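A quick write-up on the structure given underneath.
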Amino acid sequence: MPPAPDIRIPLDVPPEEQERYRENYRTITHGTGRLMLFAGDQKIEHLNDDFYGEGIHPDDADPEHLFRIASRARIGVFATQLGMIARYGGDYRDVPYLVKLNSKTNLVGTSQRDPLSSELHLVRQAVDLRDRTGLSILGVGYTVYLGSEYEAMMLYQAAQIINNAHHNGLITVLWMYPRGKAVKDERDPHLVAGAAGVAATLGSDFAKVNPPKVGKSVDAALLREAVAAAGRTGVVCAGGSHADMPEFLQQLHDQIHIGGTVGNATGRNIHQRSLEEAVRFCNAISAITLDDASVEEANEICTGGRC
Amino acid sequence: MPPAPDIRIPLDVPPEEQERYRENYRTITHGTGRLMLFAGDQKIEHLNDDFYGEGIHPDDADPEHLFRIASRARIGVFATQLGMIARYGGDYRDVPYLVKLNSKTNLVGTSQRDPLSSELHLVRQAVDLRDRTGLSILGVGYTVYLGSEYEAMMLYQAAQIINNAHHNGLITVLWMYPRGKAVKDERDPHLVAGAAGVAATLGSDFAKVNPPKVGKSVDAALLREAVAAAGRTGVVCAGGSHADMPEFLQQLHDQIHIGGTVGNATGRNIHQRSLEEAVRFCNAISAITLDDASVEEANEICTGGRC
Amino acid sequence: MPPAPDIRIPLDVPPEEQERYRENYRTITHGTGRLMLFAGDQKIEHLNDDFYGEGIHPDDADPEHLFRIASRARIGVFATQLGMIARYGGDYRDVPYLVKLNSKTNLVGTSQRDPLSSELHLVRQAVDLRDRTGLSILGVGYTVYLGSEYEAMMLYQAAQIINNAHHNGLITVLWMYPRGKAVKDERDPHLVAGAAGVAATLGSDFAKVNPPKVGKSVDAALLREAVAAAGRTGVVCAGGSHADMPEFLQQLHDQIHIGGTVGNATGRNIHQRSLEEAVRFCNAISAITLDDASVEEANEICTGGRC
Amino acid sequence: MPPAPDIRIPLDVPPEEQERYRENYRTITHGTGRLMLFAGDQKIEHLNDDFYGEGIHPDDADPEHLFRIASRARIGVFATQLGMIARYGGDYRDVPYLVKLNSKTNLVGTSQRDPLSSELHLVRQAVDLRDRTGLSILGVGYTVYLGSEYEAMMLYQAAQIINNAHHNGLITVLWMYPRGKAVKDERDPHLVAGAAGVAATLGSDFAKVNPPKVGKSVDAALLREAVAAAGRTGVVCAGGSHADMPEFLQQLHDQIHIGGTVGNATGRNIHQRSLEEAVRFCNAISAITLDDASVEEANEICTGGRC
Amino acid sequence: MPPAPDIRIPLDVPPEEQERYRENYRTITHGTGRLMLFAGDQKIEHLNDDFYGEGIHPDDADPEHLFRIASRARIGVFATQLGMIARYGGDYRDVPYLVKLNSKTNLVGTSQRDPLSSELHLVRQAVDLRDRTGLSILGVGYTVYLGSEYEAMMLYQAAQIINNAHHNGLITVLWMYPRGKAVKDERDPHLVAGAAGVAATLGSDFAKVNPPKVGKSVDAALLREAVAAAGRTGVVCAGGSHADMPEFLQQLHDQIHIGGTVGNATGRNIHQRSLEEAVRFCNAISAITLDDASVEEANEICTGGRC
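Protein sequences, first through last, are from chains L, V, A, W and X. Convert by adding 1198 to the 1-based position in the first sequence; the result is the number in the numbering used here. Convert by adding 1198 to the 1-based position in the second sequence; the result is the number in the numbering used here. Convert by adding 1198 to the 1-based position in the third sequence; the result is the number in the numbering used here. Convert by adding 1198 to the 1-based position in the fourth sequence; the result is the number in the numbering used here. Convert by adding 1198 to the 1-based position in the fifth sequence; the result is the number in the numbering used here.
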């Protein structure tokens, strides 16, 4: 288990919300400073591609699958849109939620037009839902496409969201994706580090980045530049490839112990499985992330790698 | 008759509006969970094409025709713009209304510019009209063109409308249409399912989709992916072709009993007839939708298919 | 004289403004339901083209000419911009005013860029001026260019203006002009009818359309589709050609008695004359519009057609 | 000296601000109805081109030069941006100020993109500065580029500024410049008249236009159409060419006495001189504008034309 | 040491904030009227290029490096984004901060699209942070790209920020950069002077400009035009080249004593060094800026130029 870190509360959290922020941070990281984010926000981003088709378990066709996993597995936080939380949250009151505030579909490609993902809901609306229903809404998330011609709008919304979220005691996660006609290599380690640094500059608690690559080669050590650039902002990363679960877990372990990340954000790799497998896989990920489990221990949680 | 479902009230409906939401939902679905939406919002969308010309009954030239049908036929809700409701609603106080909040004309085609349909009226204005006049304004509707370059604005407005509508106890219907230069096949079942899933993610109560097709072939079973993707959001669908009424009713029956939809949204197929025929045809549609009538029973309501 | 119609008050007029709306409607239509709108809003739209040059009486060079006509002639309402009313209204307190809320110049043609005419003043500002000065500001007007790439913005502003105007007891007139690269034939009767229907859908009291044509032929009967499509929204129309006054009056008579319109909106044909002639011509138009005078009687008001 | 005109207060000036408006009008016109506007707003519009270089006196390099002139010369009002007034106004409390509310640089030419000059400061901020500091802020100014593709935004801002300024007792001056790809000849007398008419329609107290030309020929009589079109809105005009001062003064005299303008707006021709010369030249201009001095008398103020 | 100047408080600082403005100005200039601005806002602008790579000390990879320097060195003010201040400011309470309010990445080049850097945070949010935490937030900064097609938006935001900042007693610095397709030579002395003049016109306390060049030649005397154009707005300038520290210090000395600037804004040249060297180099810069030290004295602070 990683040592429980002191929680540094950023100064844009007002005194009356500091205890809530601290509790949210502790809950979301299980007291470890590490984050296991279960991402369930792809129904807009990828339409039904991630939920139905060859190689995807039929359980995943129903959006409630996401809530069942989130409810039964060991996770840090479940990220999805406000409308979904409003619809299912009453039956899944135990789930720790993070409201993903923006999303776009993948229909308009970058070659047609640079990506623009605008706020769907306001921090205030997430706070209202939390305060009125007592749901565990612990944080908010937002995606920034750096290098898009619409970058200015997203940087503004991101900065405002962080400021507003902290004013309400919420934890923030920025998905930092370089993308657009101007971006030649989205996975370039130096560019990924720059993106992580932007998240730090905007004051986010966590930055989610894609694993950097040089050519086709992924190497967890390539993350170190990003982790350094992010400073006190924790870097979380997507796991590895889908094909090979032991390899996925190995990569996650490397990201943390070689790359210096503080966790992971994983979606499809979890929810495209049956409920049982998804839960076990979540738990394996959490064991590495939250308990400093070895890859072998994690594989065992998946029952010999068959998760 | 389909079993009366429990009504699940989404969490963005505050306690003081929950009873109203429940009543609105019950009224709009006749207590069945099924929706027969009579669509009368085409005067902007299609200008006068749907109301005047060959094969259209002269009754349809006058906008009041829509109100006469809505008043005399058995429907779930009549969808039209606020200006029309303000003008005719005083004489048609018995009609259950849904305010369609956005509309655009069909003059600018997708090849010229991607579709943008912006709010005309605000939820607040629909609520004001309801509260001041006592009209049965039970819901609001909004069209999203997924894949348009202006998608971001429409997703934002849709999300906000749902949140605001629920805060005021109103039911929401999203018309989910993939459209734009980036959209190759608007009727692709997988894309239609994605669109239905977006409506669920935004938290809408109902999603209206066009019937999916593979090539030229419509098959009600193709709807199942969309129905699954929509989860607790009810999918309603346009009926079949105009030419053949028994076929229309058969397709509607199949959509519900094979495809799993919870109803229909029908406009031109109803209002392009004389008042008498339109009313009978509405009633036939409602028999299938609300009473689980057979196609034969429904045809009889149309007096042997001549409706 | 046409029979005095019952005045139907739209439901977006709140109870405390209904008496004012009724009075405004009665005043603006002289109790007849017919509208003689004297249009004096072209100084932005046409710059100085309508006011100075060959064939235009020198009186028209001075903007006060418009007020002199409006003050001395029998009209329903004088439409002009708020800035003009603020400047001259103190000396012309007897004139019934309609504030034209948007305008654009004609410098940028459709081939360069689709038309965009945005609000200049807000309904609130017209109401403030009315309430503070006691001027007879009875209504507001707005132009919508259907088929423009900027249609969405104008439809939104139009809908909002109508809602706000009715909330303040004001009568509304929409100028409905199909225009833009996508519009092949602005005078097509079916398209004009569609435009009239949009005004009805937005809830306007009156819609001003240009006379429909098939090829080069104007025929008042072509207006019937528009009149039907507009339902309870009164259609008013520009008069006929400038060259021949008896023909102008005949066309107006035909528009009302064959086409079914409820009046006219006339500008240049009036104000490009000397004050005396303009007043007589106004009165002739009003005789046809408000008194059901024959063309012959109207011609006589113009003193044998020389108006 | 021209006869002191009655001051007509526009109706958008509320009763509690009428006395202030009257005083501002009287002060700004020295009780004559004529306006000598000293324009010092070019540091954004022309960057440093007007202030430094060959043929420009070194005094002009320092922005305080403008305030020194405004303080020592006889002017109606000194137009400059709010930031400059805030910085220097404390040392030049005797100067009558007009806050120029918008400005753009000349870097992006019309061939690249049509001109857009947006508000920098709000009327409210000018009013706050006036009310808090007791500075003589008597009016506000705004430039409209008619025929620009961004015309709609500028017309809206201009209309709103006039309405707000009048609500606060301030005098308004619109710089009316036809400009953009659609504008073939910015100096066409008919177009200049149209521009003056737009200022009248928006309700401005004064309209500044460039002197109309036919081909290369300037003729003060060409202004008459604009003066007529502007009605009760006073037309002021840039003076003549820079090269020849007696000619400049002759042209100004002609503009007033032949063209019918009520004054001038002069910038570079004044401030590019030494303080002494600039003051004398200002006074010469004011003699013609405010005292109906002859050109000869004005030349003498410049000490034999060497001003 | 330069003589302590009288502090002129601009009139947009209200009386209740004048003492704070005076204190902020005194603190930020160490009572000298000169400004040593340590720029740490490049993590958005240059992503990780300035912080990691060949020739950059490893200390610079961590954002806290900036705060360590700012805390230990003698500076006027440390400029960085609000999110960074919120994250680290609690541990660096002694640092004088300036909140840089806008930023963009360098991914989209001017050849693709003109630069647009929009507000990230509002002045109000900087003020809230100051008032709630007691941090020494003394000023705000904003970059304007003159000549960009988006110039209008940036000029508006800059003008508003200055007005709002002064209303709250804050000092303002504008980064004035001509940039965009329309800008041929960003370093042209006349253009740089124009940019400095715009900052003065907007009312900023300081303008940061890049050192003007004629061809490849930098000459401090070229700054004089800008210094004159800026009037009472103090011009600060980037230092010289990175390669040669004595040359850097010589250039800074020349800028002040030949060019007439009141200081410098330096970032990479400081923070790309180890903490020790960075602190010494800062102190050397401050000696020249704040104490009128000679280049030799400054070099000695760097220990013989090895800083």
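All C-beta atoms, glycine included, are put in the ideal place defined by N, C-alpha and C. None of the values given here were measured: they were computed from a predicted structure.
For the segment 1352-1377 of chain W, the beta-carbon criterion of a distance under 9 angstroms to any beta-carbon of chain A is satisfied by L1353, Y1354, A1356, A1357, Q1358, I1360, N1361, H1364, H1365, P1376. For D1210 of chain A, the closest of V:M1282, V:E1243, V:V1211, V:R1232 by C-alpha to C-alpha distance is V:M1282. Not flagged as an interface residue toward chain V: G1229 of chain L, since no C-beta distance is shorter than 9 angstroms.
V1390 of chain X sits close to N1408 of chain X, with the two beta carbons spaced by under 9 angstroms. Rounded to whole angstroms, the gap between the alpha carbons of H1244 of chain V and L1447 of chain A is 34 angstroms.
Here DSSP, grouped into helix, strand and coil, assigns I1360 of chain L to helix.
Not a single CB atom of chain W sits nearer than 9 angstroms to the CB of R1466 of chain A. Between V1342 of chain X and I1359 of chain X, the beta carbon gap of about 10 angstroms keeps them out of contact (Cβ cut-off 8 angstroms). Counting of Cβ neighbours within 10 angstroms places R1471 of chain W among the buried residues, the total reaching 16 or more. When C-beta distances to chain W are compared with 9 angstroms, the residues of the segment 1203-1230 of chain X below that value are R1206, I1207, P1208, L1209, D1210, V1211, P1212, P1213, in chain order. Taking 9 angstroms as the threshold, the shortest C-beta distance from T1308 of chain A to chain W does not fall below it.
For R1330 of chain A, the closest C-alpha among the options W:D1490, W:P1212, W:R1206, W:D1403 is that of W:P1212. Between the alpha carbons of N1361 of chain A and F1276 of chain V lies a gap of roughly 21 angstroms. DSSP lists A:V1407, A:N1462 as the bridge partner or partners of C1435 of chain A.
Here the alpha carbon of M1234 of chain A sits roughly 6 angstroms from the alpha carbon of G1461 of chain A.
The three-state reading of DSSP puts T1399 of chain A in helix, counting H, G and I together.
T1501 of chain L counts as exposed, since fewer than 16 other beta carbons sit within 10 angstroms of its beta carbon. Among the bridge pairs identified by DSSP, A1277 of chain L is matched with L:A1237, L:L1296. When DSSP states are grouped into helix, strand and coil, S1269 of chain L belongs to the helix group. Taking a C-beta distance under 9 angstroms as the contact criterion, V1433 of chain V and F1479 of chain V do not qualify as a contact pair. Apart from the 5 residues on each side of it in sequence, R1328 of chain A sits with its Cβ closer than 6 angstroms to the Cβ of I1335 in its chain, given in chain order.
Among the bridge pairs identified by DSSP, V1306 of chain X is matched with none.
In the DSSP assignment, L1473 of chain W falls within the alpha helix (DSSP H) that extends over 1473-1489. Taking a Cβ-Cβ threshold of 7 angstroms, the residues of chain V close to D1260 of chain L are A1426, G1429, in chain order. Annotation: I1369 of chain A is outside any alpha helix (DSSP H); the continuous beta strand (DSSP E) that includes it extends over 1369-1376. The segment 1244-1263 of chain L makes no contact with the segment 1218-1235 of chain L: fewer than 3 CB pairs, one atom from each, lie closer than 8 angstroms. The three-state reading of DSSP puts G1339 of chain A in strand, counting E and B together. The contact set of V1381 of chain A on chain V, defined by CB atoms closer than 7 angstroms, consists of L1305 in chain order.
A1419 of chain A is a Cβ neighbour of I1456 of chain A, given a cutoff of 9 angstroms. With respect to the 9 angstroms criterion, A1485 of chain X and I1499 of chain X are classified as neighbours on the basis of their beta carbons.
Rounded to whole angstroms, P1294 of chain L and Q1355 of chain V show a C-alpha spacing of 27 angstroms. Contact between L1353 of chain X and L1318 of chain W holds: their C-beta atoms lie close to 6 angstroms from each other, under 8 angstroms.
Taking C-beta atoms as the reference points, A1398 of chain W and R1430 of chain W count as a pair closer than 9 angstroms. Checking the DSSP bridge columns, you'll see V1412 of chain V partnered with V:S1415. Here the C-alpha atom of A1324 of chain A lies approximately 7 angstroms from the C-alpha atom of L1280 of chain A. Cβ atoms of N1481 of chain A and A1271 of chain A come within 8 angstroms of each other, at about 6 angstroms.
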